[in-house]
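Take the working numbering: the final residue in the sequence shown is number 965, and no numbers are missing along the way. Note that CB positions come from ideal geometry on N, CA and C, so glycine has one too. From a predicted model like this one, the values you see are computed outputs, not experimental measurements. Notes follow the structure.
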Amino acid sequence: MFRNILVDPAFTSLQNILWRDDPSQPIKCIRLDRVTYGLKSSSYLATRCLIELANRYENEYPLAAFILRNNTYVDDVLYSHNNNSNVLLPTARVKAIAKDGTEVHFKALLDSGSQVSIVTSKLVQLLGLTPKQSATNIIGISNAKNHLKYCVPLEIHSLKSTFKTIVTCHITDQITSQLPQSKINLDELQLPSNIEWADEQFNVPSDIHMLMGANIMFQVLLPEKSSVTPANNSGKQSPAQNDLHIFNTHFGHIIGGSLPTGSIKGQILCNKVVLKCEMDLNETLGQFWTTEKVPEIFSEKSPEHELCEQIFQNSVELKDKQFQVPLPLKLPLSEVKETLGDSFNLALKRFHNLEKKLMANPELFMQYKQFIHEFLSLGHGHYVDIEMYDINKQAAYYMPHHAIIKPESKTTKVRSVFDASMKTNKKVSLNDLQLNGPVVQRDLFDIMLLFRLGRYTITSDIKRMFRNILVDPAFTSLQNILWRDDPSQPIKCIRLDRVTYGLKSSSYLATRCLIELANRYENEYPLAAFILRNNTYVDDVLYSHNDLATVREAKQQLCSLLSLGSFNTHKWSSNNELVLSDIPLEDQHFDSIDLQKDNYNMKTLGLQINTKEDNFIITSPGTFDTNLLTKRSILSYIGRCYDPIGFINPIIVVAKSIMQKLWINNTDWNSCPPTDVEREWIQFTEDLRVMEPIQINRNVRFSDEDTVELIGFADASSSTAHGCCIYLRVTTPTGNTTLHLLCSKSRINPIQKKGMTVPRLELNAALLLSKLMSKTYDTLKLKVNVSKVYLFSDSQIVLAWLKMELTNLQAYVANRVNVIRQHTVSWQWLYISTDNNPADLVSRGVRPHELSSCEQWWHGPRFLNDSEYNFPITETNTSSDLPEVKHCLVLSSDHGSHTGPLEQKATVAKQLMGSLPASRVTSTNRAFVRVGVDFAGPIDVKLSREQCLPCCISMTTYH
Numbered sequence: 007m008f009r010n011i012l013v014d015p016a017f018t019s020l021q022n023i024l025w026r027d028d029p030s031q032p033i034k035c036i037r038l039d040r041v042t043y044g045l046k047s048s049s050y051l052a053t054r055c056l057i058e059l060a061n062r063y064e065n066e067y068p069l070a071a072f073i074l075r076n077n078t079y080v081d082d083v084l085y086s087h088n089n090n091s092n093v094l095l096p097t098a099r100v101k102a103i104a105k106d107g108t109e110v111h112f113k114a115l116l117d118s119g120s121q122v123s124i125v126t127s128k129l130v131q132l133l134g135l136t137p138k139q140s141a142t143n144i145i146g147i148s149n150a151k152n153h154l155k156y157c158v159p160l161e162i163h164s165l166k167s168t169f170k171t172i173v174t175c176h177i178t179d180q181i182t183s184q185l186p187q188s189k190i191n192l193d194e195l196q197l198p199s200n201i202e203w204a205d206e207q208f209n210v211p212s213d214i215h216m217l218m219g220a221n222i223m224f225q226v227l228l229p230e231k232s233s234v235t236p237a238n239n240s241g242k243q244s245p246a247q248n249d250l251h252i253f254n255t256h257f258g259h260i261i262g263g264s265l266p267t268g269s270i271k272g273q274i275l276c277n278k279v280v281l282k283c284e285m286d287l288n289e290t291l292g293q294f295w296t297t298e299k300v301p302e303i304f305s306e307k308s309p310e311h312e313l314c315e316q317i318f319q320n321s322v323e324l325k326d327k328q329f330q331v332p333l334p335l336k337l338p339l340s341e342v343k344e345t346l347g348d349s350f351n352l353a354l355k356r357f358h359n360l361e362k363k364l365m366a367n368p369e370l371f372m373q374y375k376q377f378i379h380e381f382l383s384l385g386h387g388h389y390v391d392i393e394m395y396d397i398n399k400q401a402a403y404y405m406p407h408h409a410i411i412k413p414e415s416k417t418t419k420v421r422s423v424f425d426a427s428m429k430t431n432k433k434v435s436l437n438d439l440q441l442n443g444p445v446v447q448r449d450l451f452d453i454m455l456l457f458r459l460g461r462y463t464i465t466s467d468i469k470r471m472f473r474n475i476l477v478d479p480a481f482t483s484l485q486n487i488l489w490r491d492d493p494s495q496p497i498k499c500i501r502l503d504r505v506t507y508g509l510k511s512s513s514y515l516a517t518r519c520l521i522e523l524a525n526r527y528e529n530e531y532p533l534a535a536f537i538l539r540n541n542t543y544v545d546d547v548l549y550s551h552n553d554l555a556t557v558r559e560a561k562q563q564l565c566s567l568l569s570l571g572s573f574n575t576h577k578w579s580s581n582n583e584l585v586l587s588d589i590p591l592e593d594q595h596f597d598s599i600d601l602q603k604d605n606y607n608m609k610t611l612g613l614q615i616n617t618k619e620d621n622f623i624i625t626s627p628g629t630f631d632t633n634l635l636t637k638r639s640i641l642s643y644i645g646r647c648y649d650p651i652g653f654i655n656p657i658i659v660v661a662k663s664i665m666q667k668l669w670i671n672n673t674d675w676n677s678c679p680p681t682d683v684e685r686e687w688i689q690f691t692e693d694l695r696v697m698e699p700i701q702i703n704r705n706v707r708f709s710d711e712d713t714v715e716l717i718g719f720a721d722a723s724s725s726t727a728h729g730c731c732i733y734l735r736v737t738t739p740t741g742n743t744t745l746h747l748l749c750s751k752s753r754i755n756p757i758q759k760k761g762m763t764v765p766r767l768e769l770n771a772a773l774l775l776s777k778l779m780s781k782t783y784d785t786l787k788l789k790v791n792v793s794k795v796y797l798f799s800d801s802q803i804v805l806a807w808l809k810m811e812l813t814n815l816q817a818y819v820a821n822r823v824n825v826i827r828q829h830t831v832s833w834q835w836l837y838i839s840t841d842n843n844p845a846d847l848v849s850r851g852v853r854p855h856e857l858s859s860c861e862q863w864w865h866g867p868r869f870l871n872d873s874e875y876n877f878p879i880t881e882t883n884t885s886s887d888l889p890e891v892k893h894c895l896v897l898s899s900d901h902g903s904h905t906g907p908l909e910q911k912a913t914v915a916k917q918l919m920g921s922l923p924a925s926r927v928t929s930t931n932r933a934f935v936r937v938g939v940d941f942a943g944p945i946d947v948k949l950s951r952e953q954c955l956p957c958c959i960s961m962t963t964y965h
């Protein structure tokens, strides 16, 4: 914030620093032109600038001005107080509908200083909602952290209007104390009459069950605003700093601001809630080495996903071989205008900035203009009169746009991307009002696994998939961009008639149309329908099969089915030229056929494939610039090591380990790492730079007659990581056996070593293997009949835990053993020595040049290549001497398994007994003069089923 403020040039001579890039260069002087850190007046100047900003633009942005003037201290937005005033925080009463249809009314706090919305667990329970898992840190005053594990989508309704919206809220037990702190005397305030308050009892302390953050508060605000100046005890008006402000919202009028002294007594309350989630770079990095955690799975779908799917099914149309879909909005289209606000001025400013950049690069400007002209010529948009949109009658949204350059692209090297996340003057964007649909395609991992199973392949790309789908004309007024071919021309408006990039719902709408096409024509094109459901990732198609005729038929069906939705395919490639014999060269990835050509490399889904050799190719991510060695540049370089399947996990785990060391040292993102870490990183990048390209056979060859088995291995290293790898074992009828690496996964060990023993790490490795194997098995069974599954671990302790009763294990172990059993209930766990365990490589890492020649990694342990190898049943020790086993409560802590030692060292009991009464001891009656019968027990059943003892009535005792 400081450096956004210019210093008067007359004073910049007082701000100089000395610098040189290299000790051999002369020292230079740098003059600082902005307000900088370290000056005594910096904080004062920054604060005064914010207040001046609020004063100048109070009429246009009343609420923002109010917050900046009253609640700002340098960089932190707070609700602040002094000794002579108190602050009233705005509240509203809203309602939500429980699962049983009951209306639940509750009080909500509106807080523009919060980046998240929060709801109490009591309200969630009352509504019968099902929470979802969400790891989020909430940062409060003085960086106090509160870790919230769950969130829930909550639909709230206004009690004063038809307004409703869905808010994702994090769950906590208590948001704050009762608000206000104590009852407010309304006689002290001069409030306007005939006001419809959002909270009729804003002056009475009440429990707060919801906090509406800035993500919803600016959405509910309406333009109307007024001020209240209370009178003091003398009847005179209070100073301006004691003003109350009233804002109109969809919930009714809310009131907040300074109260006069004496109207309220209580504690000063200061709220500051900041979201610190996955977007935080440190939090993202922390996922590298967080210990494996078993996620809780809720079978119930998100209400937002269900609503989005319902809107699609009720509104999608396929006419004249073209889909037409609506934009899935969170509120009715009739309410969008009032909620969205004005976007034209901001879009116009962004367009002028784009135009300046394009004018500075004539070549880029020509390419960008060609893209816009092509967009219009294809009928994907058309010019409209800017004045046709009457903001009082019709909702309109103008999207900024910018150029995306892809020099490696075969078709469009420059294209435009539209920004539907730009906030309007009401701090709401078009994306904020759209529903986020569910993922309807298989993930990248599944697509790549299935692609490896067939001998013959086809890959293709659906041309302009998004823009082949029409948007319902009722919603196209929300898709406008500004453009002109030359700065001398007037600015024009282009209305976009198709699904476009940059909208929150675009990916869902496009992929859902593919699934809808498969559903409608599955009987006519069964093979193509299967491919659209299981072998398509967004607009990329990857399919393989062992039969050449089936692959050619799949290609024909795919083209025919897609044409029914006006989808065209291009960038075709195959490892067999006969498959592409009827595909025009301009629609092929390689537009010339040369059997002598060496470079037939292509990139699909981020991986390089050589179609001639039918190999995956993994190359070095390039040279690392050691002159820019920082924690940030190291993470950026690691991100370039793209490996969705896990072929080079033993290499990447080394990089993750180095990154963890930077984390432990608490190195700043823009600082150089410690010397030892720097030396290790430079050695790693140098090894990676000189690494020869690694080629992996795409096809794991097998036929219908072969026996196919899945073999998994798990291992953990005490110092680095724990991981697993999975192989496909194929045995032909002639007895020839081969193993192929399918996939792998690794997790860096947690930083906190306390309690994380080697057996626990080995257990986490087994847990990771069970999940990965379950995922792999479910994917492969679509095309492969897997006869058996074997899982190996080199930890005898883990194998023993897996055979024990859960009640005999400590909670940490029992929970993970339970999950492992659920995933591997019908599969067999076996022991393998560490020397033969290929997962040992992924747990400790290897140098890049060693991996390409590591036969054990690519083809598994040698003994499994023997077709006559019989998988032995592992004998494991399940005694109570194992770690993490519960100790029997009836035994002494120093005796582990039985009572023998206690019996051998037994001593005669010497119990203390009270003296008998004198009347019983000195009685003149002889013993057993009077005898009674009493039944006794319990007595050992070996003696008798029923026993009786003679009782002396004279002394009333047994002898």
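Look at the Cβ atom of residue i, then the Cβ atom of residue j, and state whether they are nearer than 9 Å.
i, j, result
"Glu715", "Val792", "yes"
"Phe424", "Leu502", "yes"
"Val670", "Ile757", "The residue you asked about is not Val; residue 670 is Ile in the sequence shown. For Ile670 and Ile757, yes; Cβs fall inside 9 Å."
"Val804", "Ala845", "no"
"Leu548", "Thr542", "yes"
"Gly262", "Leu95", "yes"
"Ile181", "Leu217", "yes"
"Glu890", "Leu815", "yes"
"Val819", "Cys730", "no"
Hey, quick one: how far does the alpha helix (DSSP H) through residue i stretch, first residue to last?
i, result
"Gln563", "554-569"
"Tyr733", "Per DSSP, Tyr733 belongs to no alpha helix (DSSP H); it is in the beta strand (DSSP E), 727-737."
"Cys175", "Unbroken run through Cys175 is the beta strand (DSSP E), 170-178; no alpha helix (DSSP H)."
"Gln862", "861-865"
"Ile670", "655-670"
"Phe536", "532-540"
"Asn821", "817-829"
Indicate, with yes or no, if the ligand FMN has a heavy atom lying under 8 Å from the CB of residue i.
i, result
"Ala366", "The ligand FMN is not among the ligands present in this structure, which contains no ligands whatsoever."
Apart from the five residues just before and just after residue i, which ones in its own chain have a Cβ nearer than 8 Å to its Cβ?
i, result
"Arg40", "Phe8, Arg9, Asn10, Ile11, Leu12, Val13"
"Ser127", "Ile177, Thr178, Asp179"
"Asp631", "Ser639"
"Ile358", "According to the sequence provided, residue 358 is His. The question's Ile does not apply to it. Once the five neighbours on either side are set aside, His358 has no close Cβ partner at all."
Can you list, in chain order, the residues of its chain with a C-beta nearer than 7 Å to that of residue i? Leave out the 5 residues immediately preceding and following it.
i, result
"Asn676", "Thr636, Arg638"
"Glu109", "Lys101, Ile103"
"Glu361", "Pro493"
Please work out which residues of its chain come closer than 6 Å, Cβ to Cβ, to residue i, disregarding the five sequence neighbours upstream and downstream, and give them in chain order.
i, result
"Asn1013", "Shown here, the chain extends from 7 to 965; a query on residue 1013 therefore has no answer."
"Thr296", "Here Thr296 scores only 40 on pLDDT, less than 50, and its place in the model is too uncertain to base an answer on."
"Lys343", "Ala401"
"Ile392", "Cys499"
Please look up how many angstroms separate the CB atoms of residue i and residue j, rounded, as I've assumed it's under 8 Å.
i, j, result
"Ile826", "Leu808", "6 Å"
"Leu745", "Leu870", "6 Å"
"Asn209", "Pro229", "Rounded, the Cβ-Cβ distance is 26 Å, inconsistent with contact."
"Arg850", "Ser723", "4 Å"
Taking buried to mean at least 16 other C-beta atoms within 10 Å of its own C-beta, is residue i buried or exposed?
i, result
"Tyr531", "buried"
"His388", "exposed"
"Trp25", "exposed"
"Gln293", "Confidence at Gln293 is low in this model, with a pLDDT of 44, below 50, so its placement is unreliable and the value that follows should be read with caution. Label assigned to Gln293: exposed."
"Phe17", "exposed"
"Ala806", "buried"
Tell me the residue span of the beta strand (DSSP E) that contains residue i.
i, result
"Arg62", "Run containing Arg62: none in the beta strand (DSSP E); it sits in the alpha helix (DSSP H), 48-62."
"Thr743", "743-754"
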